[in-house]
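Report on the structure given below.
Protein chains: 2
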Amino acid sequence: MKKQINIKESPLFWPANFKNGILYVLDETLIPRKLCYIKVCSVRDAVRVIRQMKTRAFGQFLVVLNAFLLVIARDSTGSKTALLKRIKIAAAQLNSSRPTFPFAEVTSIVVGWAETAVKTGVPIKEFVTRNITGYLAGIRSRRIERIAKIADLIKDKDCILTHCNVSGELAMAAALCQQKGKDVHFFATETRPYLQGAKLTSWELRRMGAKVTLIADNAVGSVLADGLVSKVIVGSDRSCANGDFANKIGTYQIAILAKEFGVPFYVLTQPSDKIKKGEDIPIEIRDERELLTYAGKKIVAGPVKGFYPGFDVVPHRFITKAIAINAR
Amino acid sequence: MKKQINIKESPLFWPANFKNGILYVLDETLIPRKLCYIKVCSVRDAVRVIRQMKTRAFGQFLVVLNAFLLVIARDSTGSKTALLKRIKIAAAQLNSSRPTFPFAEVTSIVVGWAETAVKTGVPIKEFVTRNITGYLAGIRSRRIERIAKIADLIKDKDCILTHCNVSGELAMAAALCQQKGKDVHFFATETRPYLQGAKLTSWELRRMGAKVTLIADNAVGSVLADGLVSKVIVGSDRSCANGDFANKIGTYQIAILAKEFGVPFYVLTQPSDKIKKGEDIPIEIRDERELLTYAGKKIVAGPVKGFYPGFDVVPHRFITKAIAINAR
Chain A
104 MKKQINIKES PLFWPANFKN GILYVLDETL IPRKLCYIKV CSVRDAVRVI
154 RQMKTRAFGQ FLVVLNAFLL VIARDSTGSK TALLKRIKIA AAQLNSSRPT
204 FPFAEVTSIV VGWAETAVKT GVPIKEFVTR NITGYLAGIR SRRIERIAKI
254 ADLIKDKDCI LTHCNVSGEL AMAAALCQQK GKDVHFFATE TRPYLQGAKL
304 TSWELRRMGA KVTLIADNAV GSVLADGLVS KVIVGSDRSC ANGDFANKIG
354 TYQIAILAKE FGVPFYVLTQ PSDKIKKGED IPIEIRDERE LLTYAGKKIV
404 AGPVKGFYPG FDVVPHRFIT KAIAINAR
Chain B
104 MKKQINIKES PLFWPANFKN GILYVLDETL IPRKLCYIKV CSVRDAVRVI
154 RQMKTRAFGQ FLVVLNAFLL VIARDSTGSK TALLKRIKIA AAQLNSSRPT
204 FPFAEVTSIV VGWAETAVKT GVPIKEFVTR NITGYLAGIR SRRIERIAKI
254 ADLIKDKDCI LTHCNVSGEL AMAAALCQQK GKDVHFFATE TRPYLQGAKL
304 TSWELRRMGA KVTLIADNAV GSVLADGLVS KVIVGSDRSC ANGDFANKIG
354 TYQIAILAKE FGVPFYVLTQ PSDKIKKGED IPIEIRDERE LLTYAGKKIV
404 AGPVKGFYPG FDVVPHRFIT KAIAINAR
């Protein structure tokens with residue numbers, strides 16, 4: 104039996120939409136100041152919004168899938184093999200946009216559909232479009248199901264600490280908890296250097312009417328030590344077969360601290376992919392300027408170097424429970 | 104035998120100087136943009152520079168002691184008891200400036216000197232001035248001695264992680280290491296929200312010619328997990344009889360992480376004061392605006408609350424070794 108869920112959607116839950124041949128991507132870097140969508144008209148545009156972190160996490164996944172709809176919409180050759188070739192080129196471009204997220208696993212699915220269409224003689228445009236659309240619809244409903252799972256996990260009087268941003272799911276779970284009369288409080292970490300916690304998570308939790316307090320990434324140990332947190336819930340950017348996962352830099356240390364203070368640590372996992380264990384995940388080292396400047400101004404003087412690994416890997420032994428997306 | 108040390112002084116090593124009746128206090132909030140001193144002419148001014156965190160850590164201590172020289176310089180009554188009363192009032196004002204630092208322990212020493220002068224009939228102004236000046240000179244030489252101890256602790260090829268700022272001592276130890284031909288690297292944490300690591304520590308380490316890399320407070324677990332750190336060295340704002348200590352928020356979680364990864368954790372301690380154990384240290388909760396704004400602009404939207412404990416307490420069991428100031 105399907106759960107009946109009636110909650111307002113957070114813009115971060117579905118931050119990219121394909122409409123009339125254009126992909127509209129939520130510019131997450133402008134939140135909370137502006138709710139603004141970037142028009143993405145080509146694969147090159149798609150790679151750019153990913154690289155510049157205009158969109159991130161689930162948004163990247165949506166952009167990658169929808170980018171193929173752009174390729175199809177722009178194709179005027181009429182030749183199946185020419186389109187297949189263009190789809191393969193797009194896949195390669197998207198795969199190289201950022202290293203940590205498993206883009207190749209997503210793009211290979213689409214390339215597979217295109218190849219099937221060519222082999223079996225079905226109309227490639229219609230077949231690939233229908234498959235992408237159906238696939239996205241499936242993911243949407245399974246994410247809604249997971250929101251219900253998260254809301255079930257959260258009990259009355261819970262105080263949840265989260266890190267970075269889990270693309271709408273926690274905020275919508277918070278709304279669901281409120282509907283059920285649960286009194287819940289959230290701590291959002293700032294999540295330097297991009298401040299996703301300050302700019303996205305606290306914004307969307309507040310928008311959903313939840314009680315949220317922002318803390319510096321520094322203060323996690325302190326609030327845990329003071330017994331102010333009952334559960335930690337984070338997302339994951341990449342999951343491994345053995346349960347290890349990569350997520351925004353800082354997640355690993357939160358996991359260690361949660362264990363030190365006996366606080367349960369939950370992670371929303373992606374379908375476990377082809378990577379066996381955490382140490383095999385390539386970690387993106389981002390440009391030091393993203394750390395050394397703030398709002399366009401340098402925060403350091405002289406030739407100080409910065410080191411900004413975008414992600415870290417949490418070994419599975421730190422996970423109390425993984426909250427997976429249901430299998431299809 | 105006294106160690107011979109010949110190194111350039113970091114401005115943060117002695118950030119307040121009394122000259123011709125005026126106290127010049129280094130404005131640490133303007134570093135690294137400007138090296139600029141605030142003229143402090145009264146106890147009220149002194150309290151203000153402390154509250155606004157224009158100076159911090161060791162600078163606060165210097166300001167508190169020197170503030171009594173201001174009281175003496177401004178006194179024109181000629182009456183011993185009137186001056187003693189003014190010294191006591193100044194002590195009370197200074198004690199109430201910030202809660203975590205043990206101001207009362209410092210001011211009570213000066214009040215004691217003034218009372219002794221009144222009781223024994225020695226000239227109060229000269230007696231208190233000489234005592235303060237002598238006390239400061241003693242501290243200066245013992246801090247120089249500690250810098251040599253820190254430099255001894257640091258070995259060739261060490262990679263030292265530090266947090267917040269230890270008022271010149273680590274930077275000067277780095278210079279000493281260089282003189283001895285040791286190749287040392289430093290990681291400085293940003294230390295949100297005031298960014299003392301980015302603005303002060305990386306600046307003064309670079310100024311001393313040391314190699315320093317800035318990381319987000321988030322990335323401590325990651326660099327430790329990757330084996331990039333051989334020692335952690337931090338300061339302390341307040342030490343307890345049992346070895347627990349309070350320091351800038353974030354120190355506790357670094358201590359836990361260092362232990363998790365088997366990296367030695369050293370702390371530069373103040374003379375152990377009258378507080379028995381860590382849980383007795385009052386923790387200052389600073390104004391949430393210091394967290395919610397950056398360079399005068401809000402980083403969050405709407406009524407998001409912030410929680411900014413200025414310090415946390417590290418239980419002594421996490422300390423590999425405390426590097427104390429030598430006893431007088």
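Protein chains in written order, with my numbering: chain A, 104 to 431; chain B, 104 to 431. C-beta atoms are modelled at their ideal positions from N, C-alpha and C, and glycine is treated no differently.
Local Cβ density within 10 Å of residue i, reported as buried at 16 or more and exposed below that
i: L327/B; result: buried
i: T180/B; result: exposed
i: S244/A; result: exposed
i: C139/B; result: exposed
i: Q163/B; result: buried
i: C144/A; result: exposed
i: D340/A; result: buried
i: K334/A; result: buried
i: E382/A; result: exposed
i: R154/B; result: exposed
i: Q299/B; result: buried
i: S199/B; result: exposed
i: G405/A; result: exposed
i: N123/A; result: exposed
i: S305/A; result: buried
i: P118/B; result: buried
i: V416/A; result: buried
i: D347/B; result: buried
i: E229/A; result: exposed
i: T316/A; result: buried
i: A182/A; result: In the sequence as presented, Ala is not what sits at residue 182/A; that position holds Ser. Label assigned to S182/A: exposed.
i: G433/B; result: Outside the displayed range of chain B (104 to 431) lies residue 433/B, so it cannot be described from this structure.
Chain B contact for residue i (CB, 7 angstroms cutoff)
i: G365/A; result: no
i: L360/A; result: yes
i: R177/A; result: no
i: M104/A; result: Note that M104/A scores 43 on pLDDT, short of 50, meaning its location in the model is unreliable; the coordinates nonetheless yield the value given after this. No, no contact with chain B.
Limits of the beta strand (DSSP E) - the one that residue i falls within
i: F410/A; result: Taken as a continuous stretch (DSSP letters only), F410/A belongs to no beta strand (DSSP E), as it is neither H nor E.
i: I459/A; result: Here chain A covers residues 104 to 431 and nothing more, so residue 459/A does not appear.
i: V143/B; result: Y140 to V143
i: N120/B; result: A119 to K122
i: L129/A; result: I125 to L129
i: F289/A; result: H288 to T292
Residue i: first and last residue of the uninterrupted alpha helix (DSSP H) it sits in
i: A443/B; result: The shown model of chain B, from 104 to 431, leaves out residue 443/B, and the question about it has no answer.
i: I426/B; result: Note, I426/B: premise wrong, no alpha helix (DSSP H); beta strand (DSSP E) at K424 to A427.
i: Y238/B; result: I227 to L256
i: T184/A; result: K183 to N198
i: A433/A; result: Residue 433/A falls outside the range modelled here, since chain A spans only 104 to 431, and no answer is possible.
i: L165/B; result: F161 to R177
i: A277/A; result: E272 to Q282
i: R392/A; result: R392 to L395
### Message
By the 7 angstroms beta-carbon criterion, what residues does the stretch 301-328 of chain A contribute toward chain B?
### Response
For the stretch 301-328 of chain A, the set of residues with a beta-carbon nearer than 7 angstroms to any beta-carbon of chain B comprises A301, K302, S305, W306, R309, V315, T316, L317, I318, A319, D320, N321, A322, V323, G324, S325 and A328, in chain order.
### Query
Closer than 8 angstroms, Cβ to any Cβ of chain B: which residues of the stretch 399-414 of chain A, in chain order?
The stretch 399-414 of chain A vs chain B, Cβ under 8 angstroms: K400, I402, V403, A404, G405, P406, V407, K408, G409, F410, Y411 and P412.
### Query
Quick one, which residues of the stretch 285-297 of chain B are near chain A if we go by CB-CB under 9 angstroms, in chain order?
Answer in chain order: F290, A291, T292, E293, T294, R295 and P296.
### Task
Taking only runs that begin and end inside the stretch 310-373 of chain A, name each unbroken beta strand (DSSP E) of 3 or more residues, in chain order.
Those beta strand (DSSP E) runs which fall completely within the stretch 310-373 of chain A and span 3+ residues are 314-318, 334-338, 348-351 and 368-372.
### Message
Can you pull out the residues from the stretch 330-357 of chain B whose beta carbon lies closer than 9 angstroms to at least one beta carbon of chain A?
### Response
Residues of the stretch 330-357 of chain B whose Cβ lies closer than 9 angstroms to any Cβ of chain A, in chain order: L331, K351, I352, G353, T354, Y355, Q356 and I357.
### Message
Residues of the stretch 113-136 of chain A in Cβ contact with chain B at a cutoff of 9 angstroms, in chain order, please.
### Response
Under the 9 angstroms Cβ criterion, the stretch 113-136 of chain A contributes I134, P135 and R136.
### Interface positions of the stretch 371-400 of chain B facing chain A (Cβ-Cβ less than 9 angstroms), listed along the chain
The stretch 371-400 of chain B vs chain A, Cβ under 9 angstroms: I386, E391, L394, L395, Y397, A398 and K400.
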